[in-house]
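Positions 154 to 1151 (our numbering) are the ones given, in order, by the sequence shown.
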Amino acid sequence: MEDEFGARTLRERVLRAWAESPARFREDANAEEDHALGGYRDRVVIELAQNAADAARRAAVPGRLRLTLRTGGEPLLIAANTGAPLDAAGVEALSTLRASAKRDEPATAGRFGVGFAAVVAVTDTPAIASGTAGVEWSLPRARELVGGIAGLAEELGRRGGHVPLLRLPFALERAPEVPAGFDTVVRLPLRDDAVEPVRRQLRQVGAALLLALPALEHVEVDVDGDVRTLTAERRAPGEVAIDGGLWRTVEEHGEIPAALLRDRPVEERGRPFWQVRWALPEDGLPEGTPGVLHAPTPSDERLDLPALLIASFPLAPDRRHVAPGALTDFLVDRAAGAYVRLLGELPVSPRVLELVPGPIAAAELDARIRRGIRERLPEAPVLPHRTRGRDAVAVDAPAAFVEVLGGRDARGDVEKDIEGDTDVVVGGLLPPEWPARSPALAALGVRRVELADVIDELAAVDREPAWWHRVYEALAGASTEALGALPVPLAGATGRVVRGPRGLLIADGVDPAGLDALGLRFVHPEAVHPILARLGAVEAGPRAVLADAAVRAAVEESFDADDPDAVAEAVLGLVAAAHADPGDEPWLAELALPGDDGELYPAGELLLPQSPLRGLMADDAPFGVVDGEVLERWGAETLMAAGVLDGFALAKAEDVNLTGLADEAESLDLDDEDLWADEVLRRIGEQDLPPLVPEFTAVRDLELVDDWAAALRVLAAPPWRSAIVDPAHAALHNGRRVAVPSYTAWWLSRRPVLDGRRPGEFRLGGDEALAGLYDVAPQGLDEHLLLALGVRTSLVELLDEPGGAQELLDRLGDARRSVGRAQLGGLWTALADAPDAAVEPPDRVRAVVDGGVEVADAADALVLDGPDVLPLLEGQPLVIAAQGRDARLAELLDLPLAGEEIPGLVESDGEGRSVPEAVRAVLPDAPADYLAHERLVVDGQDVPWWTRDGRVHASGVAGLARALAWSTGNWGDRLLLEAVLRAPETLPLLLAEDDLEP
């Protein structure tokens, strides 16, 4: 066959050069090994595809490539392609390393004429044919030719017979048949160890190959009859569909500035063009797509970006990595810009955030491209409405809230006012489907605003209450921590918006419109939402509103209000709606209300027309009568709850601090309240913590009463009665509760309210021990009420009362009081027996003088400390109590004992005698003997008995009986002893009679 491609001439020229210069042989052999085993290893399929793409481009025809692998028998790889057929220049390029026939074709993929060297890695006899002519390269034939050159035998041996195969082309005697529809076929008989690498390369043929080689439109891969087809359909600029998968592409290209090529090889300087193409899959990179730079075929430069980068980066001699230098820097910059443009040309969607590269790179080139992209992102118009990132705002808040801020209604439609303006609150706001916390948004330069900051800025927004309700609904699921300053529109004509729901009122059964005069802060009814209650707003019915501090303040300032009637109208409306009872809110008594004289009064100083207080209060009492129209408008029940008086006003309080009341640090505005608290504290005794009265009730204005008879008839009825008869209970720190007199009972007990006298000056009938000292209480009041008022009931209870002992002593010294002889000893004995009695020494005392009762000067009185001195005290006032009380009584009254005031000298002689044995039946501890006197003389005066010198002296039987009874402490047995001494034989009878004593 004719040598159409000049293979012989090429071969002979090479052999001649090798013969002339064995070094040239070594250089060519080394270069082919470097390409085949280095940069182009595992690249045979890609290089075949690249050559096919270049052929199609040169012929300006659709590129089609069929790759066929047959492994049965002799393994064979066949590549058939369309396009420009093989020519002599092409054969020369394939046979001349780094001398490309494409140097003047800037759009070709192959740039250096060395890619075909990849076939050497898989075959020893590659062949190419176009039409009826072809060329092959043969390792055996090349080795034979080289062996015939003198001077190369040694080198050939050293290389193990390897020669630079592709430097020696041979014309095919019979060209292989080119498949129908194709223009060129490459036939590669495979070495056995190359079958699996080639099979693997064929499996990797995918969309990336068609994207890197856009001249190829159709690739068919046939592996032992298993056919797979890839087709690229370019539907529109920037869109490529490959096997149903859509890829979006962007491309930039141009001429390389000469300054950037100064350090590049001549072949590159001869083709000064650059190109960058990004290909982004709609559904993500297909599995198995290598994450590397395509330059234009795959390199080993790892890229971890969601799109394929195909760019004309300069490669290092290994053809695997990018060569560093100014040109690479230039292309990195262009690649970053193209990627950002790609993002900008995509449909606006949050999916773009997945395409924003993060800061962590897979390799150095990846890092440089990422930096370039991220530097440009804030200016990229990839956000809704083609907004740039630096002009956008993302709010980290619930989606519904973001919709509201963006001026969208519940359906997501943009709201407009009647003038057609949108209701946007935050300009540049990203819709909620754009996640505010996405790092990609930060890379885009989007300003993220926290929910709390947005809430803080909302106070300046002017919107209708219904809009605020939408805001609250949108925030229903948000954490309350960020919502403390949430603006809230208030009810009322002012339309005010305040920061923070805490303390605001949510009307429940109350019309806020009628309460403007009270300064209450009600949430506007159209804005009410449950989230406001979660944030501290109070769902307030009439009673809760009534208890609000603003209402109280309005009441306190009602006299100075611009319109007191409006304040009264609002407050009374709340009182009526709350169904309050009198005294529930005692501060209501300060509400300014009109009296029937046209003047304003505090409600607590107004009386109902029918009030019984009108006739029993003093003339100077500061009471008026409520205006008739006000009474007709609101009714007596509501006015009484507001403090207007039908009867006495009741003061009610909880946890009253008795110490604070006594120290006047706290006040209930009650007359002498500090004195009552002080007395209660004395009764309770010292405590570690101030005692409290959990529930306190008292009657007010008692100090203004003039007619006490009428007043007590009123107080005897409910509800005032319980404030008198029920004791107060003080709670102590240890948990105990102590009953004490109520304030009202205490106050009444100290005032002349019963027939012009204090209740304590009267007694109930029954205990005659107090007869004469106290008058019987007047008729008309029940006993229970009289007891609560302090009317005396018994001597024991009198002495149990604080100050009771002093009162008894004072009355005993009052000569106007009548006390019987039999009554007096019991009174003195009871006083001496009172353990806590504390009295002031009296000026006058009620004493016994020679058997009669008289009120004597205390300076003249003695306390009788024994009956033996009675004969010596004739005419002496004596205070006499039962045996054993004399010392205690003398101490209380600061009076001397009678025995201490006389010499007590026994002046007669007595005869020692034994005490009769019969006495021991009555007094077992009687002394054994005594001194019997015919006439017992003490201090010059006859006495019947004497024991003060430590011995028993007696004159006569009666004297002996009394001496023995007194000395043994059995004074009550003196008469029995006398009978036994007079008639010892009657002892059994006397003892039997004594047994009958009660």
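Here a beta-carbon is modelled for each residue, glycine too, at the ideal position from N, C-alpha and C.
Quick caveat, the model's predicted, so the values are computed rather than measured.
| Item | Value |
| --- | --- |
| Cβ pair count under 8 Å reaching 3, the region 325-339 against the region 225-239 | yes |
| Sequence-distant residues of its chain with Cβ nearer than 8 Å to Gln-763 (five each side left out) | Asp-799 |
| Candidates Glu-1146, Asp-181, Glu-954: closest to Asp-989 by CA position | Glu-954 |
| Which of helix, strand or coil DSSP assigns to Gly-573 | Note that Gly-573 scores 44 on pLDDT, short of 50, meaning its location in the model is unreliable and no value can be drawn from it. |
| CA-to-CA distance, Glu-832 to Glu-826, given in whole angstroms | 10 Å |
| 8 Å Cβ cutoff met for Gly-925 and Arg-974 | no |
| Nearest-angstrom Cβ-Cβ length linking Leu-446 and Val-509, presumed shorter than 8 Å | That belief does not hold up - the Cβ atoms of Leu-446 and Val-509 are roughly 20 Å apart, past 8 Å. |
| Val-698 versus Asp-928: straight-line alpha-carbon distance, rounded | 54 Å |
| Three-state secondary structure (DSSP) of Phe-675 | strand |
| Simplified DSSP assignment, three categories, for Ile-231 | strand |
| For Pro-747, three-class secondary structure by DSSP | strand |
| Other residues of its chain near Asp-1102: CB distance less than 8 Å, five sequence neighbours each side excluded | Gly-1057, Val-1059 |
| Three-state class that DSSP yields for Asp-782 in the structure shown | The question names Asp, yet the displayed sequence has Glu at residue 782. It is helical. |
| Neighbourhood of Ala-884 by C-beta distance below 7 Å, restricted to the same chain and skipping five residues each side | Pro-844, Leu-845, Pro-847, Arg-890 |
| Bridge partner(s) assigned by DSSP for Gln-1094 | Val-1091 |
| Collapsed DSSP secondary structure at Thr-382 in the structure displayed | strand |
| Neighbour flag for Val-1008 against chain D, beta carbons, 8 Å | Among the chains of the structure shown, chain D does not appear; only one protein chain is present. |
| Residues near Val-376 by beta carbon distance below 7 Å, same chain, minus five either side | Leu-222, Arg-352, Leu-355 |
| Integer-rounded CB distance, given that Arg-521 should sit under 8 Å from Glu-485 | According to the sequence as given, residue 485 is Val; it is not Glu. Yes, they are in contact, since the Cβ atoms of Val-485 and Arg-521 sit about 5 Å apart, within 8 Å. |
| Length at least 4, wholly inside the region 872-943: the alpha helix (DSSP H) runs in chain order | 873-878, 896-902, 936-942 |
| Candidates Val-809, Leu-766, Leu-934: closest to Asp-859 by CA position | Leu-766 |
| Within the region 403-484, ranges of the alpha helix (DSSP H) (whole runs, at least 4 residues) | 419-422 |
| Residue from Asp-181, Phe-158, Glu-155 whose Cα sits closest to the Cα of Val-167 | Asp-181 |
| Where Trp-400 sits in the DSSP three-state scheme | strand |
| Range of the contiguous alpha helix (DSSP H) that encloses Arg-687 | 683-687 |
| Which of helix, strand or coil DSSP assigns to Pro-1080 | coil |
| Supposed contact pair Leu-938 and Ala-987 - C-beta distance, whole angstroms, cut 8 Å | Between Leu-938 and Ala-987 the Cβ distance is about 27 Å, and since that is not below 8 Å, they are no contact. |
| Segment contact, 8 Å Cβ cut-off, at least three pairs: the region 1028-1040 with the region 1059-1077 | no |
| Simplified DSSP assignment, three categories, for Thr-204 | The displayed chain sequence assigns Asn, not Thr, to residue 204. Here Asn-204 sits in helix by DSSP. |
| Asp-375 in three-state terms, based on DSSP | strand |
| Burial state of Arg-523 (16 or more Cβ within 10 Å) | buried |
| Start-to-end residues for the beta strand (DSSP E) that takes in Phe-178 | Segment 175-187 is the alpha helix (DSSP H) holding Phe-178; no beta strand (DSSP E) there. |
| With 16 other Cβ atoms within 10 Å as the buried cut-off, status of Glu-289 | buried |
| 4 or more residues per run - each alpha helix (DSSP H) lying fully within the region 824-848 | 826-837 |
| Closest by C-alpha distance to Asp-187, when choosing among Val-316, Ile-1055, Ala-347 | Val-316 |
| Integer-rounded CB distance, given that Leu-1140 should sit under 8 Å from Ala-1114 | About 14 Å; that fails the 8 Å criterion. |
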